[in-house]
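Engineer: In my numbering, the protein residues as written are 351 to 475. Even for Gly, the Cβ is constructed at its ideal location relative to N, Cα and C.
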Amino acid sequence: MLKFRPVLQLTRSMISLSYEWRGDCDPPRRLAPIPRKTMLNIEKNSDGHKTTIRLIGRMQAEHLPALQALIKESRPRIALDLEQLTLVDVEAVRFLGGCRRNGMALLNCSPYIREWIAKEQKSGK
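1. If you run the structure through DSSP and keep just helix, strand and coil, what is glycine 410?
2. Does DSSP put arginine 464 in a helix, in a strand, or in coil?
3. Among Ile463, Ser460, Gly447 and Ala455, whose alpha-carbon lies nearest the alpha-carbon of glycine 474?
4. Which of the three DSSP states is assigned to arginine 451 in this structure?
5. Taking the alpha-carbon positions, what's the valine 438 to threonine 402 distance?
6. So, are the CB atoms of cysteine 459 and leucine 417 less than 7 Å apart?
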């Protein structure tokens with residue numbers, strides 16, 4: 351889902367990557383837990399000179415193609431705001447490390463993600 355709405359001369363869009371959740375009406379009959387896929391919300395704010403992409407929720411490898419496409423269309427100056435990013439997998443960490451190596455700012459990055467990026471870069475991945 352992609353929405354565009356202007357906010358104080360900013361361009362703002364939101365992409366919600368969510369997956370179907372199946373609820374049972376009769377929980378006692380459920381034999382196995384219902385698998386849940388992760389959800390990542392992406393908000394894009396741009397003032398024409400700089401674009402900030404805010405990542406909210408859980409980021410996994412399955413979210414990377416949509417994020418890469420958004421980054422590709424958002425040139426030139428891009429910053430990723432990770433303040434509300436709660437969980438990442440190794441592919442997401444490697445992607446964020448690549449973004450940083452390519453000059454993209456990682457704003458409000460939690461210590462565990464920053465340390466994991468550093469470890470991945472030291473291991474050469």
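Structural biologist: Checking against the coordinates, here is how it stands:
1. Along the sequence shown, read from residue 1 onward, the residue named residue 410 stands at position 60. Residue identity check: residue 410 is glutamine in the sequence provided, not glycine. Here glutamine 410 sits in coil by DSSP.
2. Within the sequence shown, residue 464 is the residue found at index 114, counting from 1. Arginine 464: helix per DSSP, three-state reduction.
3. Numbered from 1 along the sequence shown, position 124 holds the residue referred to as residue 474. Distances from the alpha-carbon of glycine 474 to those of Ile463, Ser460, Gly447 and Ala455 put Gly447 closest.
4. As a position in the sequence shown, residue 451 is number 101, starting the count at 1. Note: arginine 451 maps to helix in three-state DSSP.
5. Working through the sequence shown from its first residue, we reach residue 438 at position 88. Working through the sequence shown from its first residue, we reach residue 402 at position 52. Going by the C-alpha atoms only, they are around 19 Å apart.
6. For the purposes of this step, residue 459 is taken as the residue at position 109 of the sequence shown. For the purposes of this step, residue 417 is taken as the residue at position 67 of the sequence shown. No, these two residues do not count as a Cβ contact at 7 Å.
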